[in-house]
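Residue numbers (this note's numbering): 1 to 211.
Following: one structure in structure tokens, then a few remarks.
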């Protein structure tokens with residue numbers, strides 16, 4: 001079953017999918033509501049695009065809601081058509097993750113720990129984050145996913161990762177809560193985050209700030 005995990009809460013749900021299908025099988029599950037553009041030529045990227053929409057359809061179905069497709073706002077942030085919901089998608093082949101929240105901004109990011117994260121960290125981490133992450137690739141991956149999650153929660157771009165998106169130091173476990181901050185001009189917004197370390201990937205998503 002490609003649907004690896006789904007977690008339902010009162011006003012939100014997040015889920016994970018492992019791609020095992022071929023393109024035709026995935027496309028059939030969302031046609032004719034969504035059709036992939038021929039401008040996407042990479043095989044894995046096409047599968048990610050399709051699987052992301054199938055996953056959103058599955059999550060909406062778990063809420064007893066029909067899928068009408070996905071649209072984007074002026075900043076490229078996705079939204080499920082027909083609903084005033086918040087949506088976030090992430091993929092790192094063969095895994096796809098999504099978070100849908102009926103009331104609050106949604107951000108989720110999934111990555112596979114890789115050596116390249118150590119190379120790019122000095123450009124995107126604050127010195128305190130770099131010191132805390134050390135040479136641990138998994139911890140670097142948590143920091144990276146957390147910052148990407150903050151970008152998605154903020155919903156706009158033109159942010160400097162090392163200055164506008166900060167993650168408080170933390171002790172790493174298999175899963176846990178961490179705190180992120182979005183700093184823009186004179187405004188600072190604290191975002192509670194949750195991370196999960198899987199043997200194959202790391203996933204981070206924002207938690208609800210209101211009860």
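Built from N, CA and C at the ideal position, the CB exists for glycine as well.
Treat the numbers as computed from the prediction; the structure is a model and nothing was measured.
Let me know if residue i comes out buried or exposed under the rule of 16 or more other beta-carbons within 10 Å of its beta-carbon.
{"i": "residue 150", "result": "buried"}
{"i": "residue 204", "result": "buried"}
{"i": "residue 187", "result": "exposed"}
{"i": "residue 15", "result": "buried"}
{"i": "residue 206", "result": "buried"}
{"i": "residue 114", "result": "exposed"}
{"i": "residue 99", "result": "buried"}
{"i": "residue 212", "result": "This structure leaves residue 212 out entirely; the chain is present only between 1 and 211."}
{"i": "residue 5", "result": "exposed"}
{"i": "residue 131", "result": "exposed"}
{"i": "residue 53", "result": "buried"}
{"i": "residue 22", "result": "exposed"}
If you follow the beta strand (DSSP E) that residue i is in, where does it begin and where does it stop?
{"i": "residue 189", "result": "187-197"}
{"i": "residue 173", "result": "Run containing residue 173: none; DSSP gives neither H nor E here."}
{"i": "residue 90", "result": "86-92"}
{"i": "residue 3", "result": "3-8"}
{"i": "residue 36", "result": "Careful: residue 36 lies outside any beta strand (DSSP E) and carries neither H nor E."}
{"i": "residue 167", "result": "165-167"}
Quick check on the DSSP output: the alpha helix (DSSP H) that includes residue i runs from which residue to which?
{"i": "residue 239", "result": "The structure shown does not extend to residue 239, since the chain spans only 1 to 211, so no value can be given for it."}
{"i": "residue 26", "result": "23-30"}
Who are residue i's beta bridge partners in DSSP?
{"i": "residue 71", "result": "79"}
{"i": "residue 62", "result": "Answer is none; residue 62 lacks a bridge partner."}
{"i": "residue 206", "result": "193"}
{"i": "residue 184", "result": "187"}
{"i": "residue 201", "result": "DSSP lists no partner for residue 201."}
{"i": "residue 17", "result": "3, 96"}
Residue i: beta carbon under 7 Å from a heavy atom of the ligand NAD?
{"i": "residue 151", "result": "The ligand NAD is absent from the structure shown, which contains no ligand whatsoever."}
Contact between the stretch 70-87 and the stretch 1-10 (3+ Cβ pairs under 8 Å): Judged by pairs of C-beta atoms under 8 Å, the stretch 70-87 does not touch the stretch 1-10, as fewer than three such pairs exist.
The stretch 152-159 touching the stretch 97-113, judged by at least three CB pairs closer than 8 Å: By the Cβ criterion, the stretch 152-159 is in contact with the stretch 97-113, since at least three pairs of Cβ atoms, one from each stretch, lie closer than 8 Å.
Stretch pair the stretch 61-74 + the stretch 166-186: three plus CB contacts closer than 8 Å: Because the criterion of three Cβ pairs below 8 Å is not met, the stretch 61-74 and the stretch 166-186 do not touch.
Complete alpha helix (DSSP H) runs within the stretch 99-150 (minimum length 4 residues, chain order): List check, alpha helix (DSSP H) in window: 116-124, 127-133.
Inter-stretch contact (C-beta, 8 Å, three-pair minimum) for the stretch 110-122 and the stretch 131-143: Touching, per the Cβ criterion.
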